[in-house]
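In full-length UniProt numbering, the protein residues as written are 1 to 412. The beta carbon of each residue, even a glycine, is placed where N, CA and C say it ideally should be. What follows is a single structure, written as structure tokens, with notes after it.
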Amino acid sequence: MGLVVAPPSPPPSPSSPKASPKGSPKAGKAKARQRRVLLPVGAAAIAVLAAGSLSGGVYAVVSGHGKADPVAKTTAEPPPTGAPTGPVTNVADSGQVAPLRRVVPPDVLAVSGGGGSIGPAQIAKIRKLGKVRDVVAVAGGAVQLQGRAVNTFAVDPSSFRSWTPPGTAKKTDLWAALAADQFVVSPTAAEQLQLAKGFQYPIVAKSMPNVMMGGSGSLGLPGIDMLVSRKTGNDMGLVPNVAIMVNAPGVDPAKLSKAVGRVLGVGANVVNLHDRKYQSPSDNGGKPGSYLDLYKQAATGCPGLSWTVLAAIGQVESDHGRNAGRSSAGALGPMQFMPATWKTYGVDGDHDGKADIMNPYDAVPAAAKYLCANGAGKGGKQLYRAIWHYNHADWYVQKVLALAKAYSTRFS
1 MGLVVAPPSP PPSPSSPKAS PKGSPKAGKA KARQRRVLLP VGAAAIAVLA AGSLSGGVYA
61 VVSGHGKADP VAKTTAEPPP TGAPTGPVTN VADSGQVAPL RRVVPPDVLA VSGGGGSIGP
121 AQIAKIRKLG KVRDVVAVAG GAVQLQGRAV NTFAVDPSSF RSWTPPGTAK KTDLWAALAA
181 DQFVVSPTAA EQLQLAKGFQ YPIVAKSMPN VMMGGSGSLG LPGIDMLVSR KTGNDMGLVP
241 NVAIMVNAPG VDPAKLSKAV GRVLGVGANV VNLHDRKYQS PSDNGGKPGS YLDLYKQAAT
301 GCPGLSWTVL AAIGQVESDH GRNAGRSSAG ALGPMQFMPA TWKTYGVDGD HDGKADIMNP
361 YDAVPAAAKY LCANGAGKGG KQLYRAIWHY NHADWYVQKV LALAKAYSTR FS
């Protein structure tokens, strides 16, 4: 199932029960300076948060003693080179991972100050912040690969995949490779370090294991260019719980960042992942890298239809893909289409040869197509009727239009 990163819901964003479906959507190149996490080569339990990564910028590291040291310049030519907390992953010896069942778009990324671990009490306090839905803590640091410093997280593949961008989250082979103790990198790292899938490379950290490259995919995290398994991260001496990612639908990410910063204290580096300076072109084959961009792109297929209407419907129907399973009425996917309606309005939006009701790249443009066919592009009463056409409930239509207005206000 294809998945995309959800935009933050416009505050206040009332959550509502799913509406009974009737027919369609739920029947019812300048590189910005960015913060990073680094582990100095050959040093154990040392973390870093700095500006820059393989995609540009400058590194600075923080030793276990809390003193900053510049990363030594390397003479290597561009070719470059974790263990989180959370539930135990059910991984078979063959490197199998659990199916992708939901998406958890990160709103904030934070790294502890001074290179130490984020404590259990701090993590618990962040979980209790208003409207925080999901939190994941990961081990991390900087290692050397192909003579270059690479910011790395060690993760549980079954649980962490849901925190990554669309095309990456659904690449089961990528996560299976990670579960088999191979490493995966961002496309930028793969290109600059001239890495080839299936080949082993020495990774320099506390130890220097030879690890096979399992593939590449956009990670969606500023400055993080490599993922390894928990086991590999532990073997390399990455710092436990050095970073934390937070998902809080409906909360202003700027305010959430400040709240997380207050919990972690002085020296912590907190990144609002919705900040424009941390947005980069999608490494997803030219496809939108977030639900926000997907809604905007899909709306262009229906002149006169605002993307905010699609965003509102996406929020009401599945919370932007977070609850895309079958409803009690039988509707499916991020836009909750009834299968019968999908046969008429289904779209192959990502041009992969099939119109998949569960794939947002197909479902969102299909929703635009459905609305357009019912006059939504004309606005006013026609838009109202187009929404009512698939859900005969005035409260539902009014809720969608109110949310659309909230999106317009927030993202204007």
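Query: Expected contact under 8 Å - CB spacing of residue 139 and residue 150 to nearest Å; Result: Contact flag wrong, Cβ pair sits at about 15 Å.
Query: Cα-Cα separation, residue 170 to residue 318; Result: 18 Å
Query: N-terminal and C-terminal residue of the alpha helix (DSSP H) that residue 382 is part of; Result: 380 to 390
Query: Status (buried if at least 16 other CB within 10 Å, exposed otherwise) for residue 288; Result: buried
Query: CB contact flag (residue 207, residue 235, <9 Å); Result: yes
Query: Coarse secondary structure for residue 109, derived from DSSP in three states; Result: strand
Query: Given 8 Å, three or more beta-carbon pairs between the region 361 to 368 and the region 290 to 301; Result: yes
Query: Nonlocal neighbours in the same chain, by C-beta distance under 7 Å from residue 196, ignoring five residues either side; Result: 213
Query: Within the region 163 to 229, ranges of the alpha helix (DSSP H) (whole runs, at least 4 residues); Result: 166 to 169, 172 to 179 and 187 to 192
Query: One or two residues paired with residue 153 in a DSSP bridge; Result: 140 and 227
Query: Integer Cβ distance of residue 265 from residue 291, believed to fall under 8 Å; Result: Actually they do not touch by this definition, with Cβ atoms about 33 Å apart.
Query: Residue 100 (DSSP reduced to helix, strand or coil); Result: coil
Query: Residues of its chain near residue 135, where Cβ-Cβ distance is below 8 Å and the 5 sequence neighbours each way are ignored; Result: 123, 126, 127, 244, 245, 246 and 247
Query: Same chain only: Cβ atoms within 6 Å of residue 130, ignoring 5 sequence neighbours per side; Result: none
Query: Simplified DSSP state of residue 161, which is helix, strand or coil; Result: helix
Query: Outcome for residue 326 when other beta-carbon atoms lying within 10 angstroms are tallied against a minimum of 16; Result: exposed
Query: Beta-bridge partners of residue 244, as assigned by DSSP; Result: 110 and 137
Query: Cβ pair residue 109, residue 239 closer than 9 Å; Result: no
Query: Residue 271 - containing beta strand (DSSP E), residue span; Result: 269 to 272
Query: Inter-residue Cα distance where the pair is residue 272 and residue 250; Result: 14 Å
Query: Residue 173 vs residue 211 beta-carbon contact at 9 Å; Result: no
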